[in-house]
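Notes for the one structure printed next.
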Ligand SMILES: Cc1ncc(COP(=O)(O)O)c(C=O)c1O
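This is the structure:
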């Protein structure tokens, strides 16, 4: 790397890569899973890698409070709240639908670590950027210092967490004597896939990266990712910031962001029974649906090796408990 932004250690790294033997045998494709759901316990998932850089910057700027935003069941907000406490910072969260949500799962953990919640309606959330800036100003006028983290921590600094992850993957390929043909990752705000792509270009990863939007679509994400790559080029000098035409794969949003169909929930259960791997309904299960579709249509060739990035999100599964098919105590 040409230069790296400051970083603090928050994640348990390197995360392991598991081989799903039974499923691989069944599908005729070698399926590996990068377990970024294991970056920690309550503080877990892909956001922790981003927060290593984002909170380092907050501390560098002498912040005493972190402000960020997301849905009521946002993994990003939960991870940011816990990480902020780990490094001794106050935390304020602007949550879309915060009033309506039951106090469970991610929201429960937010409250457990004493996050100050600003609940917003869907309409109010349209202006969440200015609302966070205004709150930072108010805190400033009280002699405090707030650091505002964008939704999903998807700014170039946060994305750097996944440049670093790509280095880890390349090292693990070498150590395990395996080369991945494809890498599949969910896309929610774009920072994870942008960091992986930047890392791949910078470090020479040869597999094809496929990002699977779980909201919006490829046309919406393309300029977002391009802007992130341009930002990353400040650190990775000469980085090509163009977004390949086939980076993003549409068609797996299902019924919409945060929604899960009966079939999708059934797939989570089937995979859990077959492999012990537990996916979340909002991000990883949708991307895994894409992986299975690519195996079915032959894009992932028989005998090929695919690496699935498990970005976490376990807590997002709990609110679906009563809708989960075939779960009953006999
Ligand atoms: C569990 C999980 N997976 C994937 C993502 C998507 O990552 P990104 O926002 O970097 O695109 C998120 C957050 O949005 C997430 O919480």
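Numbering (the numbering used here), first residue to last: 185 to 514. Where is the CB? At the ideal position from N, CA and C, for every residue including glycine. These numbers come from a predicted model, not from an experiment.
Task: Three-state class that DSSP yields for residue 395 in the structure shown - done: strand
Open item on the list: Measuring alpha carbon to alpha carbon, tell me which residue in 329, 380, 221, 214 is nearest residue 353.
Closed with: 380
Task: Own chain residues within Cβ distance below 6 angstroms of residue 452, not counting five before or after - done: 463, 469
Open item on the list: Could you check if residue 376 belongs to the surroundings of ligand 1, using beta carbon to heavy atom distance under 7 angstroms?
Closed with: yes
- [ ] Report all residues from its chain with a CB closer than 7 angstroms to the CB of residue 238; omit the five preceding and five following residues, and keep chain order.
- [x] 333, 337, 341, 342
Task: Near ligand 1: residue 230 beta-carbon under 7 angstroms from a heavy atom - done: yes
Open item on the list: Does residue 292 come out as helix, strand or coil in the three-state DSSP assignment?
Closed with: helix
Open item on the list: Restricting to runs no shorter than 4 residues, where is the alpha helix (DSSP H) found entirely within the stretch 345-397?
Closed with: 375-387
Open item on the list: Quick check for students: name the residue ranges of the beta strand (DSSP E) that lie wholly in the stretch 227-303, counting only runs of 3 or more.
Closed with: 249-255, 274-280
Task: Segment contact flag, the stretch 498-512 with the stretch 393-402, C-beta cutoff 8 angstroms, min 3 pairs - done: no
Open item on the list: If you measure between the beta carbons of residue 195 and residue 244, is that distance less than 8 angstroms?
Closed with: no
TODO: May I ask you to list the residues that DSSP assigns as paired with residue 214?
DONE: 489
Open item on the list: Helix, strand or coil, according to DSSP, for residue 421 in the structure here?
Closed with: coil
Open item on the list: Would you say the beta carbon of residue 373 is closer than 7 angstroms to some non-hydrogen atom of ligand 1?
Closed with: yes
TODO: Please confirm whether residue 299 and residue 273 have their CB atoms less than 8 angstroms apart.
DONE: no
TODO: May I ask you to verify whether the stretch 485-497 touches the stretch 213-223, counting CB pairs closer than 8 angstroms and requiring at least 3?
DONE: yes
Open item on the list: Quick check on the burial criterion: 16 or more other C-beta atoms within 10 angstroms. Buried or exposed for residue 322?
Closed with: exposed
Open item on the list: If you reduce the DSSP assignment to three classes, tell me which class residue 462 lands in.
Closed with: coil
- [ ] Select from 197, 447, 250, 402 the residue whose C-alpha is nearest the C-alpha of residue 429.
- [x] 402
- [ ] Would you give the residue range spanned by the beta strand (DSSP E) that residue 332 belongs to?
- [x] 330-332
- [ ] Kindly indicate the opening and closing residues of the beta strand (DSSP E) around residue 409.
- [x] Taken as a continuous stretch (DSSP letters only), residue 409 belongs to no beta strand (DSSP E), being part of the alpha helix (DSSP H) at 402-416.
TODO: Check residue 219 in the structure and name its three-state DSSP category.
DONE: strand
Task: Cβ pair residue 374, residue 408 closer than 8 angstroms - done: yes
Open item on the list: Would you say the beta carbon of residue 495 is closer than 7 angstroms to some non-hydrogen atom of ligand 1?
Closed with: yes
TODO: Report yes or no: do three or more beta-carbon pairs, one from the stretch 468-485 and one from the stretch 364-374, lie closer than 8 angstroms?
DONE: yes
Task: Option nearest residue 393 by Cα separation, candidates 386, 362, 377, 465 - done: 377
Open item on the list: Measuring only the C-alpha atoms, how far is residue 413 from residue 204?
Closed with: 32 angstroms
Task: Within 8 angstroms, strictly: CB atoms of residue 241 and residue 190 - done: yes
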